[in-house]
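What follows is a set of notes on a single structure, which appears directly below.
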Amino acid sequence: MEEKENIYRNRAVSTMKIGEQFNYETYHKLDEIYAELKLLSQLFANITTLFSLGLTYEERHIYAIKIATNDSNKIIVFECGIHAREWISPAICLYFIRHLVHERSWLLNQYQFVIVPTINPDGYEFTWTEDSWDTKHFCQHKSSNDSCNYDIACGKKPFSAQETKALSNYLTQISHKMIAYFAFHSYGQIWTYPYSYTDCQPNVSSGISNDWVYDKLGVRINFAVELRDLGQYHFLLPGWQIKPTAEEVWAGIEAIFAHLSQSEDMWFRSAAQTHIVQHFLISSCTFTQGDLARKKLMPTLFALYLKKLLPQNIHIIGYARSKKTVDDIRRSVDPYVALKDNEERTKYDQFWQINQYIAGNTDNTSDYMAVDSHLKKIESYYDVSHRLFYLALPPSVYAVTASALQSTLMSQTGWSRLVFEKPFGRDSQSSDQLSEALSKLFSEDQLYRIDHYLGKEMVQNIMAIRFSNTLFKYNWNNESISSVEILFKEPFGAQGRGGYFDQFGIIRDVVQNHLLQVLCLVAMDRPAANDANKIRDEKVKLLKQIEVLDVKDIVLGQYVGNPKGEGESALGYLDDPGVPADSTAATFSLVVLHINSDRWRGVPFFIRSGKALNESRVEVRVEFKGYDQSSDLFGGQSKPNRIVWRLQPNEAIYQRINIKRPGLGFALEETELDLTYSTRYHRAVLPDAYERLLMDVLDGSQVNFVRTDELSESWRIFTPSLHYIDEHRVQPFKYVFGSSGPPEADRLQAKYRLC
Numbered sequence: 001m002e003e004k005e006n007i008y009r010n011r012a013v014s015t016m017k018i019g020e021q022f023n024y025e026t027y028h029k030l031d032e033i034y035a036e037l038k039l040l041s042q043l044f045a046n047i048t049t050l051f052s053l054g055l056t057y058e059e060r061h062i063y064a065i066k067i068a069t070n071d072s073n074k075i076i077v078f079e080c081g082i083h084a085r086e087w088i089s090p091a092i093c094l095y096f097i098r099h100l101v102h103e104r105s106w107l108l109n110q111y112q113f114v115i116v117p118t119i120n121p122d123g124y125e126f127t128w129t130e131d132s133w134d135t136k137h138f139c140q141h142k143s144s145n146d147s148c149n150y151d152i153a154c155g156k157k158p159f160s161a162q163e164t165k166a167l168s169n170y171l172t173q174i175s176h177k178m179i180a181y182f183a184f185h186s187y188g189q190i191w192t193y194p195y196s197y198t199d200c201q202p203n204v205s206s207g208i209s210n211d212w213v214y215d216k217l218g219v220r221i222n223f224a225v226e227l228r229d230l231g232q233y234h235f236l237l238p239g240w241q242i243k244p245t246a247e248e249v250w251a252g253i254e255a256i257f258a259h260l261s262q263s264e265d266m267w268f269r270s271a272a273q274t275h276i277v278q279h280f281l282i283s284s285c286t287f288t289q290g291d292l293a294r295k296k297l298m299p300t301l302f303a304l305y306l307k308k309l310l311p312q313n314i315h316i317i318g319y320a321r322s323k324k325t326v327d328d329i330r331r332s333v334d335p336y337v338a339l340k341d342n343e344e345r346t347k348y349d350q351f352w353q354i355n356q357y358i359a360g361n362t363d364n365t366s367d368y369m370a371v372d373s374h375l376k377k378i379e380s381y382y383d384v385s386h387r388l389f390y391l392a393l394p395p396s397v398y399a400v401t402a403s404a405l406q407s408t409l410m411s412q413t414g415w416s417r418l419v420f421e422k423p424f425g426r427d428s429q430s431s432d433q434l435s436e437a438l439s440k441l442f443s444e445d446q447l448y449r450i451d452h453y454l455g456k457e458m459v460q461n462i463m464a465i466r467f468s469n470t471l472f473k474y475n476w477n478n479e480s481i482s483s484v485e486i487l488f489k490e491p492f493g494a495q496g497r498g499g500y501f502d503q504f505g506i507i508r509d510v511v512q513n514h515l516l517q518v519l520c521l522v523a524m525d526r527p528a529a530n531d532a533n534k535i536r537d538e539k540v541k542l543l544k545q546i547e548v549l550d551v552k553d554i555v556l557g558q559y560v561g562n563p564k565g566e567g568e569s570a571l572g573y574l575d576d577p578g579v580p581a582d583s584t585a586a587t588f589s590l591v592v593l594h595i596n597s598d599r600w601r602g603v604p605f606f607i608r609s610g611k612a613l614n615e616s617r618v619e620v621r622v623e624f625k626g627y628d629q630s631s632d633l634f635g636g637q638s639k640p641n642r643i644v645w646r647l648q649p650n651e652a653i654y655q656r657i658n659i660k661r662p663g664l665g666f667a668l669e670e671t672e673l674d675l676t677y678s679t680r681y682h683r684a685v686l687p688d689a690y691e692r693l694l695m696d697v698l699d700g701s702q703v704n705f706v707r708t709d710e711l712s713e714s715w716r717i718f719t720p721s722l723h724y725i726d727e728h729r730v731q732p733f734k735y736v737f738g739s740s741g742p743p744e745a746d747r748l749q750a751k752y753r754l755c
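Position 172 of the sequence shown, counting from 1, maps to 172 under UniProt numbering, and the rest follow consecutively.
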């Protein structure tokens, strides 16, 4: 008991000296804890974020720290120090923070951690003064236990304490991503699970935050952990027991998630019983006829439903002008959904039971108010509701529709988010006007401009390969790389959608958006953290360095029918009845972009795209410089290296290298290190890009969505040339359906490669 008496006697005096290293095996005053948190957040800025949940009664900050390698991961929350005299609780949570940032537990690859070292700073500080050791809570007649708004045992004034109100506000905000919640107390050495009562009537103040998180937020992985010991030291456990206590509790936490990770349904089991309702409102003027709705959105939503990745209490509501029924919509979707067996057919029937349809106009406020009334009837059964609006509409009505949504349909208890499909304007002026109109109605974190290329598996692998392998750290620049080519080839023409395509042409359709986003991932600098805004900051920085596209660096093409072809291949672009006979719209383009930066100056970036070509292929090709004849050790046999990401079809990553040809001689030959996904991961099922992106929207992750300043910079690059092409009706070169495109494109690329 000597250590206990020494700590008790000296607790009003800080044990740390200026410049002394933080000791995780002793207890510390509040200012020392906060100083250590600030230091860790600076030292590990790439994975940590220090923030305040709010202020206490005495206006101290309630600091929390987020530790994450991927902000789209689910969140595990640790609540510590709610009871002032339980010093072991903040101490082990500090130990957990140190362990996560230094040791990088495997859990950090799969989850984010939010740790609140002390939710009761006033009380904790008070216990370091004399005659205060029996203080459990700081304010008289108020318990931080019974300050949670849970129906049973919530106390007389739920959420009346500023501290628990701040915590509950934050937890509600992240509830859609929270997978687990742990609260640490002492003493007793027992893990309790809500509600953990006997059949005896509980005391009015016996409810705790875990009960509220379990009941109201639906978090099923939920434990109140009573730490060491069994009563020998009561609430003041000796410092030498901090480390073993933290280690044994951490082992328990890892064991829980190791067990749960064996099930593919882990997240679903924690979220399926949630008491939060999420509304997914699909707004489309052509909902039942539109390609996007019937070919992509509804099949994707069903795929997520089948995988149990949609929240259980979700309502999908279609909204359009046509007077249709859910059965009508289902019949239009059926051809685009492949069902393997009777079980999937049953699930498909169940999926349509959560769908509803409301007819209305996009410019009629009273129609939107009727939708709002309908939603409120559903929401009346729940405490929190979120609303997600997917606007599959012509860009010309984005602004008026968004304005009507903002004035009538925003959630009053949860978040509201809007998803927009491209095109986001035709040029800088139209894009900036739309962005300005939206910015007056919504914050940036409510806007999700979807670019489905950013959801593709291989596109996401570009970042993974570049920034996790030191192999590319020092040679990803103009000293080693000679050129970069982004290739987009489609073997079919624009038949059936020529009227739509003719308004935009190939550059506006795929180059200014999809392929430029791919270029950003290839060329941007390493972001400060794997965080949505940090990544998009680097994209914007790169876009600002790209020079305005010069007309001389463009080759345009338009396909004509193949005289030897049959069916569609015999038809040219101008043969489409929706296309004007004198149309100059390009179905092929080669553009050469130049990046004015120390890293990329002098390296041409080719973006080659087209329809009605000789194959289906989307690739990124990075060509490395070769040895010149005088410096090649093998007398000119060495060929330039190349790394290729094949985005579709048959996803792959391969690298061309030189090896010695087998045999007695010493000759080199070129070969490939081939990672074809279907061969290496033959059991893996790659998610559809839309599945990933819709999950990102539900999770609140914007890493794969285009920010306003990104959009503005991308149009800056292309607008002058597009205006010139439109105003001068630049004639595209003709190429035959099924060829590789106009030969003029090959000549332009060859010119740059000879430079």
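Glycine included, each C-beta is placed from N, C-alpha and C at the ideal position.
Note that the structure is predicted; figures quoted are calculated from it, not measured.
Closest residue to residue i among the options (Cα-Cα distance)
{"i": "R531", "options": "T401, Y735, N704, E651", "result": "Looking at the sequence itself, residue 531 is Asp, so the reference to Arg does not match. If we check each option's Cα against that of D531, N704 comes out closest."}
{"i": "L571", "options": "V101, P687, A494, K422", "result": "A494"}
{"i": "T584", "options": "G218, Q731, K422, T192", "result": "Q731"}
Cβ-based burial, residue i [other Cβ within 10 Å; buried from 16]
{"i": "S89", "result": "buried"}
{"i": "A722", "result": "Residue 722 is actually Leu in this sequence, not Ala. Buried, since its Cβ has 16 or more Cβ neighbours within 10 Å."}
{"i": "residue 800", "result": "Because residue 800 is not part of the residues shown, which for the chain are 1 to 755, the question remains open."}
{"i": "K296", "result": "buried"}
{"i": "E651", "result": "buried"}
{"i": "P117", "result": "buried"}
{"i": "A271", "result": "Because the pLDDT at A271 is just 34, under 50, the model does not fix this residue reliably, and the point stays unresolved."}
{"i": "N222", "result": "buried"}
{"i": "N513", "result": "buried"}
{"i": "W600", "result": "buried"}
{"i": "N145", "result": "Because N145 sits at a pLDDT of 47, beneath the cut-off of 50, its placement in the model cannot be relied upon, and the following sentence gives the value as read from the coordinates. N145 comes out buried."}
{"i": "I253", "result": "buried"}
Beta-carbon spacing of residue i, residue j below 9 Å
{"i": "residue 759", "j": "A183", "result": "This structure does not reach residue 759, given that the chain is present from 1 up to 755, and the question cannot be answered."}
{"i": "Y398", "j": "V419", "result": "no"}
{"i": "I65", "j": "L108", "result": "no"}
{"i": "N73", "j": "A528", "result": "no"}
{"i": "P121", "j": "I208", "result": "no"}
{"i": "F488", "j": "V510", "result": "yes"}
{"i": "Q112", "j": "I75", "result": "yes"}
Unbroken beta strand (DSSP E) run spanning residue i, endpoints
{"i": "L590", "result": "588 to 593"}
{"i": "S52", "result": "48 to 55"}
{"i": "Q350", "result": "Taken as a continuous stretch (DSSP letters only), Q350 belongs to no beta strand (DSSP E), being part of the alpha helix (DSSP H) at 342 to 353."}
{"i": "L39", "result": "Where L39 is concerned, there is no enclosing beta strand (DSSP E), although the alpha helix (DSSP H) it sits in stretches over 30 to 43."}
{"i": "K660", "result": "652 to 660"}
{"i": "N222", "result": "221 to 227"}
{"i": "R387", "result": "384 to 391"}
{"i": "G610", "result": "605 to 610"}
{"i": "D674", "result": "668 to 676"}
Residue i versus residue j - alpha carbon distance
{"i": "V579", "j": "R508", "result": "17 Å"}
{"i": "E344", "j": "Q353", "result": "14 Å"}
{"i": "E538", "j": "N475", "result": "19 Å"}
{"i": "E32", "j": "L94", "result": "11 Å"}
{"i": "A255", "j": "S105", "result": "12 Å"}
{"i": "F492", "j": "S630", "result": "46 Å"}
{"i": "E744", "j": "V555", "result": "7 Å"}
{"i": "S147", "j": "I314", "result": "Summary for S147: the model assigns pLDDT 46, below 50, so the residue's position carries little reliability; its value from the coordinates is reported in the next sentence. Each residue's alpha carbon lies about 30 Å from the other."}
{"i": "L100", "j": "T587", "result": "52 Å"}
{"i": "I725", "j": "D553", "result": "13 Å"}
{"i": "K324", "j": "Y181", "result": "44 Å"}
{"i": "T164", "j": "V114", "result": "16 Å"}
{"i": "L647", "j": "E619", "result": "6 Å"}
{"i": "S428", "j": "E713", "result": "8 Å"}
{"i": "R526", "j": "F467", "result": "7 Å"}
{"i": "N478", "j": "G557", "result": "30 Å"}
{"i": "L50", "j": "I97", "result": "12 Å"}
{"i": "Q749", "j": "D674", "result": "26 Å"}
Segment limits, alpha helix (DSSP H) that includes residue i
{"i": "I62", "result": "Here I62 belongs to no alpha helix (DSSP H); instead the beta strand (DSSP E) covers 61 to 67."}
{"i": "W212", "result": "209 to 216"}
{"i": "G499", "result": "498 to 501"}
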